[in-house]
DNA sequence: GTTCCAATAGAACGGTTGTTCTATTAGAGA
DNA sequence: TCTCTAATAGAACAACCGTTCTATTGGAAC
């Protein structure tokens, strides 16, 4: 019935790490949010850093699952599937508490490219790119790998823009650019 | 001859804040980097936060000056001026110590959109966008304001992509997309 | 030479950080 | 009932945080 402490900890940490950043979130904050004893944290996780790593893995998993589900639900044809990526962004942006890409934010907070968190961020982006490549292949685009990189770049641009300029309708802007790209590619 | 303490402080703080983030940079770190006494910091700045604000203002000024100078030097015609934005990004990315956009990073570290740092970040992006709009007007593009937003989004996408995936040649990718956009706009 | 100001060194402040230790409690399975 | 496990409360830890205080130094302007 009651949610076990480990799960509550991970949920609380995920919320706070994403919302306020890793450095700005103290262990005390997490304990308060999760309503869990201090010792329980070190019983289930090695350290705060260990908890951060678990947060990133969970975030990667959940975010990509949401993306896949959304595209599957909103894709009539392969071309629409690619455009659905940007509709997904739009709904994501409108959610309360949106605070950009957790993995871009991690890269902003930790400068060493070889830091464990940074490697997890790189893996996340690789997984997303691989998925976009699948969609580009399915849409039978010319140079699908190149197009996938371009689509990914448009998504990154929308996410970053929405974070600093929330009233810019960045997802729709990026969607229009993607549509233009698809037209330019498929026409000749 | 010798650089005054205030300037050394601001330079050291700028380097460390940009490289490692605000939260990860301690006052002690700044003093060590600047070779300045502790009291001197509080003699020239109100607090660490005050120093952060000065860093952001200086960063905004210098970065935009570099951009303007580069475009002025590499722009044969108005269309080339727009593409030069992405050549500027490419040279920026190749500089040692590149660590993304300082203002995106600030937004990642501070969640409150009304925080002073966030407002400074918003102003920076507004200034850059205004400049891009000037270029789009000069190039006599249809719907220049809309095109400027798209160009800005492509730039954001390149910067974010380069941060997490340094081997992706993001600036060139974005430049190609911009060129396609300009062709699509100007042809009909 | 005296005054003035920028800059220095270094201790001290209260508060917070992540982590560990000790001891106790509640509930489920045997 | 006894045992095992998960979870709790709360003190304690050393280290670090941003900031302030006191006292001193060096050089330039007058």
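Protein chains in written order, with the numbering used here: chain A, 1 to 188; chain B, 1001 to 1188.
Don't be surprised by glycine CBs; every beta carbon is placed ideally from N, CA and C.
Between the CA atoms of residue j and residue i - distance to the nearest angstrom
i              : j              : result
residue 1012/B : residue 44/A   : 40 Å
residue 1154/B : residue 117/A  : 26 Å
residue 1158/B : residue 1171/B : 5 Å
residue 1144/B : residue 1125/B : 17 Å
residue 93/A   : residue 165/A  : 11 Å
residue 58/A   : residue 178/A  : 29 Å
residue 1046/B : residue 1065/B : 27 Å
residue 191/A  : residue 139/A  : Not covered by the structure: residue 191/A. The range shown for chain A is 1 to 188.
residue 1078/B : residue 1131/B : 13 Å
residue 1049/B : residue 1112/B : 15 Å
residue 180/A  : residue 8/A    : 45 Å
residue 1156/B : residue 86/A   : 16 Å
Sequence-distant residues of its chain with Cβ nearer than 8 Å to residue i (five each side left out)
i              : result
residue 1141/B : 1147, 1182, 1185, 1186
residue 121/A  : 56, 103, 104, 106, 107
residue 1129/B : 1148, 1149, 1152
residue 91/A   : 70
residue 1123/B : 1060
residue 133/A  : 144, 145, 148
Contact belief for residue i with residue j at Cβ below 8 Å, rounded distance in angstroms
i              : j              : result
residue 1033/B : residue 1016/B : 6 Å
residue 1005/B : residue 1052/B : That pair is no contact at about 18 Å.
residue 1060/B : residue 1127/B : 7 Å
residue 19/A   : residue 99/A   : 6 Å
Buried versus exposed, by CB contacts within 10 Å (16 or more), residue i
i              : result
residue 1173/B : buried
residue 3/A    : exposed
residue 1076/B : exposed
residue 97/A   : exposed
residue 26/A   : exposed
residue 95/A   : exposed
residue 1014/B : buried
Residue i beta carbon near the ligand HEM (any heavy atom closer than 8 Å)
i              : result
residue 1037/B : Within the structure as shown, the ligand HEM is missing, as the structure has no ligands at all.
Neighbourhood of residue i by C-beta distance below 7 Å, restricted to the same chain and skipping five residues each side
i              : result
residue 1031/B : 1038, 1041
residue 110/A  : 117, 118
residue 1161/B : 1168, 1170
residue 1023/B : 1109
residue 1054/B : 1010, 1045
residue 21/A   : 105, 109
6 Å Cβ shell around residue i - same chain, five flanking residues per side excluded
i              : result
residue 1135/B : 1081, 1082
residue 1084/B : 1071, 1074, 1075
residue 1088/B : 1067, 1070
residue 163/A  : 100
residue 137/A  : 144
Item checked: Length-filtered (4 minimum) alpha helix (DSSP H) runs lying within the segment 57 to 86 of chain A -> Secondary structure within the segment 57 to 86 of chain A: not one fully enclosed alpha helix (DSSP H) run of 4 or more consecutive residues is present.
Next item on the list: Report the residue ranges of all alpha helix (DSSP H) runs contained in full by the segment 23 to 58 of chain A; include only those spanning at least 4 residues, in chain order.
Entry: The segment 23 to 58 of chain A contains, as complete alpha helix (DSSP H) runs of 4+ residues, the segments 27 to 34, 38 to 44 (chain order).
Item checked: Any beta strand (DSSP E) of 3 or more consecutive residues that is wholly inside the segment 89 to 176 of chain A -> Those beta strand (DSSP E) runs which fall completely within the segment 89 to 176 of chain A and span 3+ residues do not exist here.
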